[in-house]
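Written below as structure tokens is the structure these notes are about.
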Amino acid sequence: MIKNFDELNSKICDCSKSFDAKMVGENGKRAILLCGGTGCLSSNSAEIQEKFSELVKEHKMEDKVSVNKVGCFGFCSQGPFVKIYPEDTLYRLVTLDDVEEIFEKDIINHEVVERLLYIEPATKEQVIKQDDINFYKKQVRVALHGCGQINPEDIEEALGFDAFKGLIKALSMSREDVIKEVLDSGLRGRGGGGFPTGRKWQFAFAQPDGEKYVVCNGDEGDPGAFMDRSILEGNPLAVIEGMMIAGYAIGAQNGYFYVRAEYPIAVNRLKIAIKQAEELGLLGENILGTGFSFRVHIRLGAGAFVCGEETALLNSIEGQRGMPRPRPPFPAVKGLWQSPTIVNNVETLATVPYILREGAAKFAEYGTENSKGTKVFALGGKINNVGLVEVPMGTTLRELIYDIGGGIPEGKKFKAIQTGGPSGGCLTEKDLDTPIDFNSLVAKGSMMGSGGAIVMDEDNCMVDVAKFYMDFICDESCGKCSPCRIGTKRMLELLTKITEGKADMEDLNQLEELAATIKNGALCALGQTAANPVTSTLTHFRDEYIAHIVDKNCPAHVCKRLTSYSIDPDKCKKCSLCARQCPVDAISGVVGKEPFVIDRSKCIKCGMCMSSCKFGAVIKK
């Protein structure tokens, strides 16, 4: 039980020495680090870890080699990862079959297993160390501090890697000065709204003394987003520490984590972190003898997208249906159980300890005038380097896509990037030099959002993309207000008509009118921005909509009702493979004698013929 600052500082010092010793290979000891994030765990990283542990025991090397689980490395398309210290050798795409080779060559004989090293796509050069990979070079890890470096289930490793240093600083300051430090940093909410974090804290602080709450919004619902999950899985104590600092600043004694139930690994590690902090006296009553008391609770969400909206989230915690509340009053005045409440998302709270630990000025060195610090993005879609990245605000979309993301696979042409999830919009090639910050993205018709970034190439149909997001919004609408409940359904119906070649230009006019109506009439921000993917694709790719409506053609050959398949007789080898794969017997011909032909009246456009043909004879139009 740690009772005061001196004891905590002494504990941190001991843990830091132990952690540093492992990283530098003190006394010749080596450390094997394995990614324990969801992505790598789904690819057998737990089994890989177990096999390494068995080999260590088998060779009686327990005093020479340690096997360690850490959080997400971020480079998800290249996992599972195995990292060897002190050499800092990084192996990617490791399988169970690779473990013995790594152990024999690297651990025993100190030889690098070259075939498992990352190869830069542009230069074709092998890279040994993580920081030398282009994917990592431009990243600055603030919110992701400790992820991929520490064991998220070991509080001593977290203490050895700066945990609770920010809290120590905060508890030695007045509450007003803590809030001022956050204000001076320029930190804005990373959940999508971009509201100044310090100002939100000010509003709650200004309310009369009494019960107040801090809520962590971990209801990450954007398609393709996994920023919050990875932070909670990789360094949960950083988020807990951020929540405690917020609680101290506004005068709250209780914090609530609202996390999706489908994040079981994150939830479990949160529980472990809370228990370990309580056992050390870093959570609970009279923390470090300062008189400050704080407890942390977990509430599981059912995965409703609308509960990412802060007032709907509060209703859900209270046991009510997750629907937005009219505002004002805002949560900082009347929030959880009608008490002053601040709601910050996972990334925001994970950033707070850095600001207190390093100072507001250090944080503000990164970013732009109106968007300070760094931002975490889940980079996905048609991109070579899929994964989690944290970059300074002001980094351009071009740098994100090409320098960090490695460009578009197979040399295909970049078409668009969707930022901000279902509430965001598409940006095109002419926008690639746009700096990533709150104001610049909004000016271009998109938004920061929580940090989803989906890249699309020439093979994507933008009408189909808009339809995908509208389908998602329809499913996730809470139904409270009619503009969102009814309007989005009508928009989806119109988009479906367009993709099926049944629409006319009047339908396009109706689509635009509905978008404006929903924007002006919906109750919450999620409803008000529901039509953004449609309006942005109409702005940048109106010609594709017109092609669907007027020409009855999908330029990207994605929309099934507007595509057709045929067989080039000159390329056909008369092998019958396409006919054998066709599920509806729509292909006929004579093996070895006559080219095969597709009966379009029978064809269901499943594409099996095209995927099975090895000679490129099947053509999609």
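Letter by letter, the sequence shown follows residues 178 to 798 of our numbering. Glycine included, C-beta positions come from ideal geometry on N, C-alpha and C. Treat the numbers as computed from the prediction; the structure is a model and nothing was measured.
Check                                                                                                : Outcome
Rounded separation between Cys217 and Glu524 - CA only                                               : 21 Å
Residue of Ile613, Asp641 and Pro501 minimising C-alpha distance to Gly799                           : Examination of residue 799 is not possible in this model, given that the chain is present from 178 through 798 alone.
Per-residue burial, Gly251 [other beta carbons within 10 Å of its own, 16 or more giving buried]     : buried
Residue range of the beta strand (DSSP E) that includes Ile475                                       : Arg472 to Gly478
Lys751 - DSSP class collapsed to helix/strand/coil                                                   : coil
Where Phe338 sits in the DSSP three-state scheme                                                     : coil
For Asn181 and Ala320, the rounded distance between their alpha carbons                              : 27 Å
Ala335 to Arg667 span [Cα, whole Å]                                                                  : 51 Å
Buried or exposed by the 16-neighbour rule on C-beta atoms within 10 Å, applied to Arg757            : exposed
Whole-angstrom distance between Thr215 and Val711, CA atom to CA atom                                : 32 Å
Per-residue DSSP class, three states only, for Lys770                                                : coil
Exposed unless 16 or more other CB atoms sit within 10 angstroms - verdict on Gly793                 : exposed
Counterpart residues of Leu565 in DSSP-defined beta bridges                                          : Ala555
Local Cβ density within 10 Å of Thr300, reported as buried at 16 or more and exposed below that      : exposed
Between the CA atoms of Ile225 and Thr488 - distance to the nearest angstrom                         : 43 Å
Coarse secondary structure for Val259, derived from DSSP in three states                             : strand
8 Å CB neighbourhood of Ile296 in its chain, flanking five on each side removed                      : Glu302, Gln303 and Val304
Beta-bridge pairing of Ile631 - partner residues as DSSP gives them                                  : Gly557 and Gln595
For Val208, the first and last residue of its enclosing beta strand (DSSP E)                         : According to the sequence displayed, residue 208 carries Ala and not Val. Counting along the chain, the beta strand (DSSP E) containing Ala208 begins and ends at Arg207 to Cys212.
Beta carbon of Ala443 nearer than 8 Å to that of Leu477                                              : no
For Leu490 and Tyr435, believed in contact at Cβ under 8 Å, the rounded distance                     : 5 Å
Under the three-state DSSP convention, the category Thr519 falls into                                : Rather than Thr, the amino acid found at residue 519 in this sequence is Ile. Of the three classes helix, strand and coil, the one that applies to Ile519 here is strand, per DSSP.
Pairwise C-alpha distance: Val767 and Leu556                                                         : 48 Å
Counted within 10 angstroms of its Cβ, other Cβ atoms place Ile764 as buried (16 or more) or exposed : buried
Cβ separation of Leu565 and Cys249, assumed to be a contact under 8 Å, to the nearest whole Å        : 6 Å
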